[in-house]
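These protein sequence lines are chains A and B, in that order.
Going by UniProt numbering, the first sequence opens with residue 1, and the numbers climb by one from there.
Going by UniProt numbering, the second sequence opens with residue 1, and the numbers climb by one from there.
There are 2 protein chains.
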Amino acid sequence: MSRWRPDARQRLQQAALDLFAEQGFAETTVPAIAARAGLTTRTFFRHFADKREVLFADDAEASVLVAQLMAGAPAAAEPLTIIREGLRALAENRFEGRKAALRHRRELVRSDAGLQERDLRKRAALAEAIRDGFLARGLGAARAALLAETSVTLVYVSVAEWLDSDDDRKLDDIVGEMLAALRAEFG
Amino acid sequence: MSRWRPDARQRLQQAALDLFAEQGFAETTVPAIAARAGLTTRTFFRHFADKREVLFADDAEASVLVAQLMAGAPAAAEPLTIIREGLRALAENRFEGRKAALRHRRELVRSDAGLQERDLRKRAALAEAIRDGFLARGLGAARAALLAETSVTLVYVSVAEWLDSDDDRKLDDIVGEMLAALRAEFG
Numbered sequence: 001m002s003r004w005r006p007d008a009r010q011r012l013q014q015a016a017l018d019l020f021a022e023q024g025f026a027e028t029t030v031p032a033i034a035a036r037a038g039l040t041t042r043t044f045f046r047h048f049a050d051k052r053e054v055l056f057a058d059d060a061e062a063s064v065l066v067a068q069l070m071a072g073a074p075a076a077a078e079p080l081t082i083i084r085e086g087l088r089a090l091a092e093n094r095f096e097g098r099k100a101a102l103r104h105r106r107e108l109v110r111s112d113a114g115l116q117e118r119d120l121r122k123r124a125a126l127a128e129a130i131r132d133g134f135l136a137r138g139l140g141a142a143r144a145a146l147l148a149e150t151s152v153t154l155v156y157v158s159v160a161e162w163l164d165s166d167d168d169r170k171l172d173d174i175v176g177e178m179l180a181a182l183r184a185e186f187g
Numbered sequence: 001m002s003r004w005r006p007d008a009r010q011r012l013q014q015a016a017l018d019l020f021a022e023q024g025f026a027e028t029t030v031p032a033i034a035a036r037a038g039l040t041t042r043t044f045f046r047h048f049a050d051k052r053e054v055l056f057a058d059d060a061e062a063s064v065l066v067a068q069l070m071a072g073a074p075a076a077a078e079p080l081t082i083i084r085e086g087l088r089a090l091a092e093n094r095f096e097g098r099k100a101a102l103r104h105r106r107e108l109v110r111s112d113a114g115l116q117e118r119d120l121r122k123r124a125a126l127a128e129a130i131r132d133g134f135l136a137r138g139l140g141a142a143r144a145a146l147l148a149e150t151s152v153t154l155v156y157v158s159v160a161e162w163l164d165s166d167d168d169r170k171l172d173d174i175v176g177e178m179l180a181a182l183r184a185e186f187g
């Protein structure tokens with residue numbers, strides 16, 4: 001009966017992260033992840049292409065979230081306003097309250113060349129989603145690319161600072177600091 | 001006698017690019033590249049780890065160039081000045097005058113998932129070289145990362161615009177335009 005429970009995806013993610021932590025990423029198999037979640041291997045593959053993908057599911061969802069936010073922004077909104085609001089939503093929906101899990105995920109990604117590569121690809125895909133959003137809003141190619149790449153830089157640099165720090169600054173406050181730093185350096 | 005000529009590296013690069021253009025990247029073998037250059041396969045492997053690496057040799061050299069430039073900049077130089085001078089040197093030494101070859105290289109990279117991945121890794125390595133340069137100059141981790149990622153964004157967005165355009169703007173002029181655009185958006 002458990003295989004039909006609607007939270008299969010989250011259970012698989014949690015089981016995978018637990019096993020990666022307990023026995024290492026390389027040693028963890030898909031059947032072991034499915035068994036820990038009380039689900040079948042087949043169910044696993046309905047949700048994820050492979051065990052690596054478990055670690056990047058949130059990134060794929062981030063690209064979708066970004067595309068929705070950009071399409072829903074008022075026609076007259078300035079790019080910087082869209083970026084600021086988008087980063088706020090991303091911080092609140094995808095990051096805040098998950099610092100320990102995301103620190104652990106970062107360790108895992110750093111430990112494996114294949115995971116690092118996939119991380120770079122997901123980063124490029126996020127930049128592409130933002131660029132496409134600006135193109136769809138009528139911006140020129142170079143401007144859309146510049147805004148998209150800079151947005152992704154703000155996300156990555158802010159998340160790194162947030163994961164590195166032990167104070168209780170919120171991620172969105174750090175994004176604000178980084179935006180101010182960007183202004184101070186290049187403005 | 002030809003195998004001892006000092007320009008083996010450049011000859012191998014040219015032979016590889018010619019063959020990639022004539023018969024495609026996937027169809028071109030290392031022995032064929034070496035033969036076209038009048039050199040042995042062994043000589044090829046003294047210069048490049050594999051045929052992919054031929055396309056990224058310049059990127060690796062760019063990271064070295066960047067590290068040298070940053071180490072050689074005056075102690076009192078502002079980060080933005082170092083970035084501006086570094087981008088100028090990079091544009092002049094690695095890009096200007098090679099638009100046709102670089103356009104062709106871009107097509108090749110776009111055509112192959114493995115090449116795209118390596119391109120992302122080289123981009124990350126360039127950001128890391130710049131970040132390390134700023135860390136060595138005593139900047140904090142977040143500031144060094146923000147400056148490095150933004151520098152790489154400026155390089156990539158400017159090169160894309162330069163390769164896309166058929167006018168005779170110099171790459172360094174486009175870098176200046178992008179820097180002004182960054183100021184206008186975020187300043």
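We treat Cβ as the ideally placed atom computed from N, Cα and C, and that holds for glycine.
Annotation for B/S151: the continuous alpha helix (DSSP H) segment containing it runs A141 to D164. Pairing A/L80 with B/F44 gives a Cβ-Cβ distance that is not under 8 Å. Listed along chain A are E117, L120 and R121, each with a C-beta nearer than 8 Å to that of B/E117.
When DSSP states are grouped into helix, strand and coil, A/S63 belongs to the helix group. In the same chain as B/V66, and ignoring 5 residues on each side of it, the C-beta atoms closer than 8 Å to its own belong to G86, L90, L126, A129, I130 and G133, in chain order. Spatial neighbours of B/R106 in its own chain (CB-CB distance under 7 Å, excluding positions within 5 residues in sequence) are listed in chain order as L163. Scanning chain B for C-beta atoms nearer than 8 Å to the C-beta of A/T150 yields T150, T153, L182, E185 and F186, reported in chain order. Apart from sequence neighbours up to five positions away, no residue of its chain approaches B/Q23 with a beta-carbon distance below 6 Å. Note that the C-beta distance between A/V159 and A/L171 is below 8 Å. A/G114 and A/M178 have their C-alpha atoms spaced approximately 29 Å apart. A straight-line Cα-Cα distance of about 22 Å links A/E61 and A/R42. Annotated three-state conformation of A/A129 is helix, per DSSP. Uninterrupted alpha helix (DSSP H) stretches at least 4 residues long and entirely within the region 28-107 of chain B occur at 30-37, 41-47, 51-72 and 79-90, given in chain order. From the listed residues A/N93, A/L12, A/A75 and A/R118, the smallest Cα separation to A/V64 is found for A/N93.
In this structure, the straight-line span from the alpha carbon of A/R88 to that of A/R183 is close to 18 Å.
Excluding its 5 nearest sequence neighbours in each direction, A/I82 has C-beta neighbours in its own chain below 7 Å: M70 and A73, listed in chain order.
8 Å or more divides the Cβ of A/Y156 from the Cβ of B/E27. Cβ-Cβ separation between B/F56 and B/S111: approximately 15 Å, too far for a contact (criterion under 8 Å). Taken atom to atom, the span from the alpha-carbon of B/Q116 to that of B/A100 is near 19 Å. With a beta-carbon spacing of about 4 Å, B/D59 and B/K122 fall inside the 8 Å limit used to define contacts. Per DSSP, B/R169 is not a residue of any alpha helix (DSSP H), being assigned neither H nor E.
Rounded to whole angstroms, the separation of the alpha carbons of A/E161 and B/A142 is 6 Å. Among the residues of chain B, those whose CB is under 7 Å from the CB of A/R143 are A181, following chain order. The C-beta of A/V157 comes closer than 8 Å to at least one C-beta of chain B.
Counted as a single uninterrupted DSSP element, the alpha helix (DSSP H) harbouring A/A16 occupies residues A8 to Q23. A/E107 does not reach chain B, its nearest Cβ partner there being about 17 Å away, counting only Cβ pairs nearer than 8 Å.
Chain-ordered listing is empty here: chain B has no CB closer than 7 Å to the CB of A/A77, the nearest sitting near 13 Å. Close to B/A160, with beta-carbon spacing below 9 Å, are these residues of chain A in chain order: A141, A142 and A145.
Within 7 Å of the CB of A/L80, the CB atoms of chain B belong to E185 and F186, in sequence order along the chain. Rounded to whole angstroms, the separation of the alpha carbons of B/L139 and B/A76 is 12 Å.
The beta-carbon of B/A124 is placed less than 8 Å from the nearest beta-carbon of chain A. Between A/D119 and A/P31, the alpha-carbon positions lie close to 24 Å from each other.
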